[in-house]
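Data block below; observations after.
There are 2 protein chains.
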Amino acid sequence: MLQKQRQDKILECLAGGDYLSVDEAVKLFKSSPATIRRDFMELAESGQVQKVRGGVGSKRASSTLPFADRAEFCSVEKEKIAKSAVSMIKTGDIVFIDGGTTTFNMASYLPDINIRIITNSLRLASALEEKKSDAGWEIYLTGGFLYTKSGILLGPNAQSSLAQYHANLAFLSVSGIDENGIYNNSELVVDMERVMINNSDRTVIMADHSKIGKHGLVKVCGLDRISVLITDSSRESKDYLLKIRNGITELAQV
Amino acid sequence: MLQKQRQDKILECLAGGDYLSVDEAVKLFKSSPATIRRDFMELAESGQVQKVRGGVGSKRASSTLPFADRAEFCSVEKEKIAKSAVSMIKTGDIVFIDGGTTTFNMASYLPDINIRIITNSLRLASALEEKKSDAGWEIYLTGGFLYTKSGILLGPNAQSSLAQYHANLAFLSVSGIDENGIYNNSELVVDMERVMINNSDRTVIMADHSKIGKHGLVKVCGLDRISVLITDSSRESKDYLLKIRNGITELAQV
DNA sequence: TCAATAGTAATCATAAATAATCATAATAAA
DNA sequence: TTTATTATGATTATTTATGATTACTATTGA
């Protein structure tokens, strides 16, 4: 049996949202544990299954994420932060959601209420499209050049497209935040985020503890433009949070 | 056995959506491994199969289209038409691809050469993003409101976003074509298609035989604006095709 | 806490598949 | 016919996948 064929069958076994052990797979495909492990590893690396001791499990809810480095998208902290962020959204809201990994997790928890979502993330839009809310989320995508590496739309067309909208809330990912402001690593991303900040009533920054006290290539804006910071608690970031606390309106720790 | 004959048989074997190993093919066609490999390579280069170690797989074998109603997208006719359409694309081209089901199939066959693709189809963009061409397709998405039912971007923002671009080739799906012109069922879709036609050097209509002689809610344009019609042959549509034939520059029947 | 067990990762030799090269056979063009 | 072109199959070196062995690590239960 071909390697690829075997891997397809593994995925098939897991399609029902189940679990497949190394031993079972060895019997099923008549190969050695080493080979099965290698298959499992590859499938896990490409994000198609999740590795557990003794075998692999289906990715279940997040199984439709189309990108490789899925692990990065699914950390417990980021999910908590995302959950807290969506709880701020009320019926009738118009929200900007930018293209970061933290904000992407919001897709899983968005309540099925009437809201309008404006985003430059192809992946977020795809995820929301597949969920097909009953209440009918209205989804608006910005145009522009598609960065296939990160699945987000950037560039002048994306910016001018985004500038057409105004929102109640903007949810942003950052690469760092300190007492002077928020940072990100790409100029094009920063340009988009600035438009979101300027065109929304309130700006919510979603940053896990690893971002606290860190910087980035470009400063997006000062803390005075930030309404809410949602982060998770950790011992190391505690001191830094105190410094930031005074610059912003509200701090949510999850 | 002729080379062409053999390659057709290979494709037949894969029609069911499975894999074919080099060894199996060697026995089946009584040729040498070298020849079979060359066949596999050619078929893979033209995008008709996917190469895996030890053999080839059908394009459908592992490619997971992100939406439910896959069947509709995969009819043999539409695939043939799509294949013929992509063969028109050359290195350096800038192409519009609209959001229909026929045009969507082009994603599977797009050659890995340097081209720029402008589309209002979220699903096409997602599919291309996942394929991650080596040569680096540049993908541009129009902005606008996302119709989750069909996964396409429409509305005034989509239009103005699209109007920024100019292409060599525009590939359009239609709901019908007759001797007077082409038709579609949604005003918003027609608006987008008109922009594509106006902003491209050549317009290619992709319509399977069920569309020939049919109409739709809105007329998009007359046949004089159409450069090429790609369709599949069928007894019923033959007479109608003769009428249409004179209105357009070129007719490709697959 | 400790071993006992089960699962894993790392290494390596082997086997298999592939790409590259070449000579030959089949085909098409002059 | 002769020549040029293309397809084929054999050979080779190279790359890649595999399974056995071993050492390592996590989990379990006393």
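Protein sequence lines, in the order shown, are assigned to chains F and W.
Anchor point for the first sequence: position 249 equals 250 in my numbering, and the numbering is continuous, going up by one each time.
Anchor point for the second sequence: position 129 equals 130 in my numbering, and the numbering is continuous, going up by one each time.
Glycine included, every Cβ here is placed at the ideal spot set by N, Cα and C.
Just so it is clear, the structure is predicted and the values come from calculations on it, not from any experiment.
Contact criterion: CB-CB distance below 8 angstroms. Does residue i meet it with respect to chain F?
i, result
"Ser32 (chain W)", "no"
"Arg38 (chain W)", "no"
"Arg203 (chain W)", "no"
"Ser63 (chain W)", "Caution applies to Ser63 (chain W), whose pLDDT of 45 falls short of 50 and renders its modelled position unreliable; the value that the coordinates give is listed next. Chain F, which has a Cβ nearer than 8 angstroms to the Cβ of Ser63 (chain W), makes this yes."
"Ser162 (chain W)", "yes"
"Val1 (chain W)", "The requested residue 1 (chain W) is not part of the displayed model; chain W covers only 2 to 255."
"Tyr20 (chain W)", "yes"
"Phe146 (chain W)", "yes"
"Gly152 (chain W)", "yes"
"Ser47 (chain W)", "no"
"Glu130 (chain W)", "yes"
"Ser127 (chain W)", "yes"
"Cys75 (chain W)", "With a pLDDT of 42 at Cys75 (chain W), under the threshold of 50, the modelled position of this residue cannot be trusted, and the question is left open."
"Glu139 (chain W)", "yes"
"Gly214 (chain W)", "no"
"Leu123 (chain W)", "yes"
Relative to the alpha-carbon of residue i, which residue among the options has its alpha-carbon at the smallest distance?
i, options, result
"Arg203 (chain F)", "F:Ala164, F:Ile82, F:Leu173", "F:Leu173"
"Val23 (chain W)", "W:Leu12, W:Ala16, W:Ala35, W:Asp225", "W:Ala35"
"Leu224 (chain W)", "W:Glu180, W:Asn186, W:Leu218, W:Ala253", "W:Glu180"
"Tyr148 (chain W)", "F:Pro157, F:Gly145, F:His216, F:Trp138", "F:Trp138"
"Thr92 (chain F)", "F:Leu230, F:Ile249, F:Val219, F:Pro112", "F:Pro112"
"Phe97 (chain W)", "W:Ala128, W:Arg246, W:Met197", "W:Met197"
"Gln254 (chain F)", "F:Asp192, F:Gly58, F:Asp99, F:Ser85", "F:Ser85"
"Gln165 (chain W)", "F:Leu154, F:Gly182, F:Ala164, F:Gly145", "F:Gly145"
"Asn158 (chain F)", "F:Ser151, F:Lys150, F:Met193", "F:Met193"
"Gln220 (chain F)", "F:Val205, F:Ser187, F:Ile213, F:Ile231", "Per the sequence shown, residue 220 (chain F) should be read as Lys rather than Gln. If we check each option's Cα against that of Lys220 (chain F), F:Ser187 comes out closest."
"Leu44 (chain F)", "F:Glu13, F:Ile178, F:Lys31, F:Ala108", "F:Glu13"
"Leu129 (chain F)", "W:Gln49, W:Ile37, W:Lys150", "W:Lys150"
"Leu155 (chain F)", "F:Asn169, F:Val191, F:Tyr184", "F:Val191"
"Arg226 (chain W)", "W:Asn247, W:Ile118, W:Leu189", "W:Asn247"
"Tyr110 (chain W)", "W:Ile90, W:Gln49, W:Ser162, W:Ile95", "W:Gln49"
"Gly56 (chain W)", "F:Ser47, F:Leu243, F:Gln6", "F:Gln6"
"Ile116 (chain W)", "W:Met89, W:Asn106, W:Phe105, W:Met42", "W:Met89"
"Lys244 (chain W)", "W:Thr232, W:Asp233, W:Gly214, W:Cys222", "W:Gly214"
"Leu189 (chain W)", "W:Ser161, W:Thr232, W:Leu170, W:Lys212", "W:Ser161"
"Gly222 (chain W)", "W:Ser211, W:Val205, W:Glu46", "A small fix is needed here, since residue 222 (chain W) is Cys in this sequence, not Gly. Among W:Ser211, W:Val205, W:Glu46, the Cα nearest to that of Cys222 (chain W) belongs to W:Val205."
"Ala1 (chain W)", "W:Leu15, W:Arg195, W:Leu242", "Absent from the model: residue 1 (chain W). The displayed extent of chain W is 2 to 255, so no value can be given."
"Thr114 (chain F)", "F:Asn106, F:Glu46, F:Lys132", "The identity of residue 114 (chain F) in the sequence shown is Ile, whereas the question assumes Thr. Ranking F:Asn106, F:Glu46, F:Lys132 by Cα distance to Ile114 (chain F) puts F:Lys132 first."
Distance cutoff 8 angstroms, beta carbons only. Does residue i sit that close to anything in chain W?
i, result
"Asp70 (chain F)", "At Asp70 (chain F), the pLDDT of 44 sits below 50, so the modelled position is not reliable; the number obtained from the coordinates is stated separately. With 8 angstroms as the cut-off, Asp70 (chain F) does not count as an interface residue toward chain W."
"Ala108 (chain F)", "no"
"Leu66 (chain F)", "With a pLDDT of 42 at Leu66 (chain F), under the threshold of 50, the modelled position of that residue is not reliable, and no figure is offered here."
"Lys5 (chain F)", "yes"
"Thr102 (chain F)", "no"
"Phe172 (chain F)", "no"
"Ser245 (chain F)", "The sequence as given places Ile at residue 245 (chain F); Ser does not occur at that position. Not closer than 8 angstroms to any Cβ of chain W, the Cβ of Ile245 (chain F) fails to qualify, so no."
"Gln165 (chain F)", "yes"
"Glu13 (chain F)", "no"
"Ser343 (chain F)", "This structure cannot speak to residue 343 (chain F), because chain F is shown only from 2 to 255."
"Ile231 (chain F)", "no"
"Ala86 (chain F)", "no"
"Glu194 (chain F)", "no"
"Thr92 (chain F)", "no"
"Leu189 (chain F)", "no"
Give every residue of the same chain whose Cβ lies closer than 8 angstroms to the Cβ of residue i, excluding the five residues on either side of it in the sequence, and list them in chain order.
i, result
"Ser33 (chain F)", "Val27"
"Val53 (chain F)", "Tyr20"
"Thr103 (chain W)", "Lys79, Ile82, Ala83, Ser174, Met207, Ala208, Asp209"
With a threshold of 6 angstroms on Cβ separation, who are the neighbours of residue i within its own chain once the five nearest residues in sequence on each side are excluded?
i, result
"Leu66 (chain W)", "Any reading at Leu66 (chain W) must be qualified, since the residue scores a pLDDT of 40, below 50, and its modelled position is unreliable; the value itself is stated next. Nothing listed; no residue qualifies."
"Gln4 (chain W)", "none"
"Asn200 (chain F)", "His167"
"Gly58 (chain F)", "Tyr20, Gln51"
"Ser176 (chain F)", "Tyr184, Asn185, Asn186, Gly217"
"Ile95 (chain W)", "Arg117, Ala168, Asn169"
"Ile231 (chain F)", "Ile82, Ser85, Ala86, Met207, Ala253"
Just to confirm my understanding: we take residue i, look at its own chain, exclude 5 residues before and 5 after, and list those with CB closer than 7 angstroms. What are they?
i, result
"Thr250 (chain W)", "Ser228, Val229"
"Ala126 (chain F)", "Thr120, Ile140, Leu142"
"Ile153 (chain F)", "Gly100, Asn121, Ser122, Leu123"
"Met2 (chain F)", "Phe30"
"Arg71 (chain W)", "Model confidence at Arg71 (chain W) stands at a pLDDT of 38, short of 50, so the residue's coordinates are unreliable; what they give is reported in the following sentence. So no residue of the chain qualifies."
Uninterrupted alpha helix (DSSP H) stretches inside the segment 164-214 of chain F (no shorter than 4 residues): 188-199
Restricting to runs no shorter than 3 residues, where is the beta strand (DSSP E) found entirely within the segment 98-157 of chain W? 117-120, 139-142, 145-148, 153-155
Fully enclosed by the segment 13-37 of chain F, which alpha helix (DSSP H) runs are 4 residues long or longer? 23-30
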